[in-house]
Amino acid sequence: DAGVIQSPRHEVTEMGQEVTLRCKPISGHDYLFWYRQTMMRGLELLIYFNNNVPIDDSGMPEDRFSAKMPNASFSTLKIQPSEPRDSAVYFCASSLARDSRRYFGPGTRLTVT
Amino acid sequence: SQELEQSPQSLIVQEGKNLTINCTSSKTLYGLYWYKQKYGEGLIFLMMLQKGGEEKSHEKITAKLDEKKQQSSLHITASQPSHAGIYLCGVSHASGTYKYIFGTGTRLKVLA
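Written out as structure tokens, the structure is:
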């Protein structure tokens, strides 16, 4: 298997622009997680899905952030409008229901100027 | 997260030396997970510990869980440059939850 795939790997955008991050989980995995990593706060869970349904989005910082999972093989994290404080590395991870080990993608490094 | 403390925050060792990284939770542990992150990459799962006193090994890396102290230690024997990276622990505080939190990580550098 190719592992968790994320795109783009790097994104540089100007404040106020819409940003969309994409994730393809490992085939057959029931859970999908979006994390944000910064030097100040470490690795934070933003939202997670089970069988394409959002279960807990309490980590989503503001209404500017939204996530969708239209099918088992694709998820998006959207920031609209983006702000400089959103600059971070965003990770997507997936796991099997019976195994709580997370499989992480390579991350998307977002820079908002 | 203040619920989870990792120490030290950073570590520089000479190749061949042993080292220990600690992870302490302020809440009762249900499961504890160790991951390694190479700079600029995603996290790679190392080990999962769930039972008090449990000890697991992966190549030259050994992790132990002290349930009473709500603490885990990760020990690397005869460190190599390939061990360099960020080591993060993640903990779950309840059974059946997939929402576990991560520590801030320990940055390890191994000098050749």
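Sequence order for the protein chains is A and B.
Residue numbering for the first sequence follows my numbering, beginning at 1071 and increasing consecutively.
Residue numbering for the second sequence follows my numbering, beginning at 36 and increasing consecutively.
In this text, a Cβ means the ideal position worked out from N, Cα and C, and glycines have one as well.
Just so you know, these numbers come straight off a predicted model, no measurement behind them.
Identify whether residue i lies in helix, strand or coil by the three-state DSSP scheme.
i         : result
B/HIS118  : helix
A/ARG1155 : helix
B/ALA129  : coil
B/MET83   : strand
B/ASN53   : coil
A/GLY1112 : strand
B/GLU89   : coil
B/SER42   : strand
A/GLU1063 : Residue 1063 of chain A lies beyond the range of chain A shown here (1071 to 1183); nothing can be said about it.
B/GLY66   : strand
Taking the C-alpha atoms as reference points, what is the distance between residue i and residue j?
i         : j         : result
B/SER60   : B/LEU81   : 19 Å
A/LYS1148 : A/SER1170 : 26 Å
B/GLY75   : A/PRO1176 : 8 Å
B/LYS86   : B/GLU102  : 7 Å
B/GLY138  : B/GLU50   : 25 Å
B/ALA129  : A/MET1110 : 26 Å
B/LYS62   : B/GLU40   : 11 Å
A/GLU1132 : B/PRO116  : 40 Å
B/LYS71   : B/LEU123  : 6 Å
A/ASN1121 : B/ASN53   : 43 Å
A/ASP1127 : B/ALA98   : 32 Å
B/THR141  : B/LEU67   : 16 Å
A/LYS1094 : B/GLY88   : 37 Å
A/THR1183 : A/LEU1116 : 22 Å
B/LYS73   : A/SER1097 : 24 Å
B/LEU84   : B/CYS58   : 12 Å
Going by C-alpha distance, which of the options is nearest residue i?
i         : options                                    : result
B/ILE136  : A/PRO1078, A/ARG1079, A/TYR1118            : A/TYR1118
B/THR112  : B/LEU78, B/ILE96, B/LYS134                 : B/ILE96
B/GLU38   : A/GLY1112, A/ALA1167, A/PHE1161            : A/GLY1112
A/MET1139 : A/ARG1155, A/SER1128, A/PRO1124            : A/PRO1124
B/LEU146  : B/LYS134, B/VAL48, B/ALA98, B/THR55        : B/VAL48
A/ARG1186 : A/SER1165, A/ALA1167, A/ALA1158            : This structure leaves residue 1186 of chain A out entirely; chain A is present only between 1071 and 1183.
A/GLU1114 : B/ARG142, B/THR141, B/LYS134               : B/LYS134
A/PRO1151 : A/HIS1099, A/THR1083, A/GLY1098, A/PHE1174 : A/THR1083
B/SER42   : B/SER108, B/SER92, B/TYR68, B/LYS73        : B/SER108
A/ILE1075 : A/TYR1160, A/VAL1182, A/THR1183, A/THR1181 : A/TYR1160
A/ASP1100 : A/ALA1163, A/MET1085, A/VAL1182, A/THR1183 : A/ALA1163
A/MET1130 : A/SER1143, A/ASN1141, A/ASP1156            : A/ASP1156
B/LEU100  : B/GLN44, B/ILE56, B/LEU46                  : B/ILE56
A/ARG1134 : A/GLU1088, A/ARG1079, A/ALA1072, A/ASN1141 : A/GLU1088
Using a Cβ-Cβ cutoff of less than 6 Å, which residues in the same chain neighbour residue i once the five nearest sequence positions on both sides are dropped?
i       : result
B/LEU64 : GLN105, VAL126
B/GLU90 : LYS99
Using a Cβ-Cβ cut-off of 7 Å (strictly less than) and excluding sequence neighbours within five positions of residue i, which residues of its own chain qualify?
i         : result
A/SER1077 : ARG1092
Does the beta carbon of residue i come closer than 7 Å to any beta carbon on chain C?
i        : result
B/LYS134 : Of the chains in the structure shown, none is chain C; the protein chains are A and B.
Short of 8 Å in beta carbon distance, which residues of its chain neighbour residue i, apart from the five on each side in sequence? Order them along the chain.
i         : result
A/PRO1154 : MET1085, VAL1182, THR1183
(request) May I ask you to verify whether the segment 1143 to 1161 of chain A touches the segment 1090 to 1108 of chain A, counting CB pairs closer than 8 Å and requiring at least 3? (result) yes
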